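Residues in the sequence shown are numbered from 0 upward in steps of one, following numbering that gives the first Met the number 0. Below is one structure, written out as structure tokens; the observations come after it.
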Amino acid sequence: MLTEERNRRMTETGPGTPGGDFLRRYWFPIAAVSELDKEPVQPIRLLGESLTLFRSLKGGLGLIAERCAHRLLPLMYGIPHESGLRCAYHGWIYDTEGTVVERPFEPTCPPLKVTSYPVEALGGLVFAYLGPEPRPLLPRWEAFIRDDLDRKMSFTPLPCNYVQCMDNSMDPVHFEYLHGHYGNYLLGLRDEPPAFNTASAHVKIDFDVADHGLIYKRRLLTGESEDGDDWTIGHPIVFPYMLASPTGSLGFQIRVPVDDTHTMHINYTTSQPKESGNPTEVIEHTELEVDSWGRVNRSAGIVVPQDMMAWVGQGPVMDRTKEYLATSDKGVVLYHKLLLDNIDRVGRGEDPFGVIRDGAKNEMLEIKKTTTEREGFNIPGALRGRA
0 MLTEERNRRM
10 TETGPGTPGG
20 DFLRRYWFPI
30 AAVSELDKEP
40 VQPIRLLGES
50 LTLFRSLKGG
60 LGLIAERCAH
70 RLLPLMYGIP
80 HESGLRCAYH
90 GWIYDTEGTV
100 VERPFEPTCP
110 PLKVTSYPVE
120 ALGGLVFAYL
130 GPEPRPLLPR
140 WEAFIRDDLD
150 RKMSFTPLPC
160 NYVQCMDNSM
170 DPVHFEYLHG
180 HYGNYLLGLR
190 DEPPAFNTAS
200 AHVKIDFDVA
210 DHGLIYKRRL
220 LTGESEDGDD
230 WTIGHPIVFP
240 YMLASPTGSL
250 GFQIRVPVDD
260 THTMHINYTT
270 SQPKESGNPT
280 EVIEHTELEV
290 DSWGRVNRSA
300 GIVVPQDMMA
310 WVGQGPVMDR
320 TKEYLATSDK
330 GVVLYHKLLL
340 DNIDRVGRGE
350 DPFGVIRDGA
360 KNEMLEIKKT
370 TTEREGFNIP
380 GALRGRA
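Here it is as structure tokens:
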């Protein structure tokens, strides 16, 4: 268990907090690029800050303050302009750097600038950086830079802290019970046959910390060989907020810290186009389904909603002073140590784990790919190992 102070230090996301200062050393996706075609001005909340994302008529992207400096109207009502974004109330125009470049009816215009942050587009997503300069490079993961893949992005807001999502990803043993035994139980309630092979139990687990923020969680199940991919390669996590696909497909579960008690979950998947040279893109927005008791829709047979049940069920911010960690929580302990150690590194003025500044190392970041599907759980390939 953690002390209250260490739990707070680890889960805070806002400006001026140790955890928030740490998170501000990374780039985070905040929107789908294509959605700016329909809604070129969007309200954004990230790391405890409310902001405005817009695309100017010339195509420039800007991320600036939530409200106009004049009379504090929310800029989400703004009108795109060639120079930037015009406030709907009195017509003040902000460029992509947050500088006021036009003030109608004002005879003099002393310099005025509102908060602004860098944004970049990559892989169909808009990424934002809220930290100090010089900014690090936006990591060029293979899934994001390939232009020959179909892409699907599903956005789901969650009422919980992002660390709960990542704790779950660092815990391979839960798959055996939450998605195995519990999944079969839910199927039984619907008079459907079991779909999960629960005969294979975990024998041992381990974790390898690699370059570029990569952590490979490895497991060995009964009846498996140590020469298998599950043990020699494992399931990759990208510190501090992504879970990668464990197989040859390219994709991520991205857990974006909105604030201390909310996370935006982005399920980012790719596949080979049905028509060569004609990749497609699908954007979805889904809401967490709950019943009158507040129980999350557990969708028997589907892994991700079962994970969301676990994340959200622990409360907005899990009280880790009351938990009792066990042998199966080796990965959770490692993740917490990495968080706290890297929060301290940022406090000393150092870069945290996974930050990239060398362009030669950022041309295309690759993740070790497994050659076989995970064994031990009879789940359709598209759902396998997504926990």
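Cβ atoms here follow ideal geometry from the backbone N, Cα and C, with glycine treated the same way. None of the values given here were measured: they were computed from a predicted structure.
Cβ-based neighbour list, residue i, same chain, cut-off 8 Å, excluding 5 preceding and 5 following
i: G314; result: C159
i: T260; result: P158, C159, N160, P315 and V316
i: H180; result: F195 and T197
Under 8 Å between C-beta atoms of residue i and residue j
i: L220; j: H201; result: yes
i: A142; j: G250; result: yes
i: E38; j: K57; result: no
i: Y394; j: G83; result: Here the chain comprises residues numbered 0 to 386, so residue 394 is not present and cannot be evaluated.
i: R24; j: P110; result: no
i: V311; j: P304; result: no
i: V331; j: D166; result: yes
i: L71; j: I63; result: no
i: L213; j: I355; result: no
i: I236; j: A243; result: yes
i: S115; j: P79; result: no
Continuous alpha helix (DSSP H) stretch holding residue i: start and end
i: N341; result: K329 to G346
i: L177; result: Unbroken run through L177: none, as it is neither H nor E.
i: N6; result: E3 to T10
Neighbourhood of residue i by C-beta distance below 7 Å, restricted to the same chain and skipping five residues each side
i: G19; result: E11, T12, G13, L46 and G47
i: A381; result: Caution is warranted here: a pLDDT of 29 is assigned to A381, below 50, making its placement in the model unreliable, and the coordinate value is therefore given only provisionally. Cβ within range, chain order: n/a, list empty.
i: N377; result: Its pLDDT being 33, under 50, N377 is placed unreliably by the model, and the measurement read from it follows with that caveat. Closer than 7 Å at the Cβ level, and outside the excluded window around N377, lie A194, F195 and N196.
i: T98; result: K112
i: L137; result: W26, E119, L121 and F126
i: P351; result: F21, R24, N341, R344 and V345
Closest residue to residue i among the options (Cα-Cα distance)
i: Y128; options: I43, S327, D146 and F154; result: I43
i: I29; options: N296, N266, N361 and E191; result: N266
i: G59; options: S49, K360 and L35; result: L35
i: D343; options: T2, E362 and P17; result: P17
i: V40; options: F27, L74 and E283; result: L74
i: E3; options: R319, I366 and V125; result: R319
i: D146; options: K336, E280, L338 and H335; result: E280
i: V345; options: G123, R102, G130 and T268; result: G130
i: A359; options: H178, R139 and D306; result: R139
i: S270; options: L242, R102, G293 and M152; result: M152
i: P245; options: D290, D328 and T268; result: T268
i: G348; options: K203, P103, E132 and T107; result: E132
i: R189; options: R297, N6 and E286; result: R297
i: H284; options: P156, G353, S291 and R5; result: P156
Residues that DSSP places opposite residue i in a beta bridge
i: E101; result: I92
i: W26; result: Y128
i: F251; result: A243 and Y267
i: K216; result: F206 and H234
i: M152; result: Y267 and I282
i: D258; result: H261
i: Q305; result: In DSSP, Q305 forms no bridge with anything.
i: K367; result: In DSSP, K367 forms no bridge with anything.
i: H69; result: For H69, which the question treats as bridged, DSSP gives no partner whatsoever.
i: S199; result: Bridge partners of S199: none, in fact.
i: V289; result: V295
i: S115; result: I63
i: A325; result: In the DSSP output, where bridge partners are listed per residue, A325 has none listed.
heavy atom of the ligand MG below 7 Å from residue i C-beta
i: A209; result: Of the ligands one can find in the structure shown there are none, so the ligand MG has no counterpart to examine.
Residue i: first and last residue of the uninterrupted beta strand (DSSP E) it sits in
i: I144; result: Taken as a continuous stretch (DSSP letters only), I144 belongs to no beta strand (DSSP E), being part of the alpha helix (DSSP H) at E141 to I144.
i: G61; result: L60 to A64
i: G83; result: G83 to R85
i: S168; result: No beta strand (DSSP E) holds S168; the alpha helix (DSSP H) holding it covers Y161 to S168.
i: T51; result: E48 to R54
i: P79; result: I78 to H80
i: V118; result: V118 to L121
i: R44; result: V40 to L45
Contacts around residue i, its chain only, beta-carbon distance under 6 Å, and the 5 residues preceding and following it disregarded
i: P379; result: Residue confidence is low: P379 scores 34 on pLDDT, short of 50, so the model does not pin down where it sits. Its coordinate-derived value is still stated next. Here the set comprises nothing.
i: G375; result: In this prediction, G375 has a pLDDT of 34, which is less than 50 and means its spatial position is unreliable; what the coordinates show is noted afterwards. Hits under 6 Å: S199 and L220.
i: V255; result: F27 and M263
i: P272; result: D149 and P278
i: L338; result: M9
i: M241; result: F251 and I253
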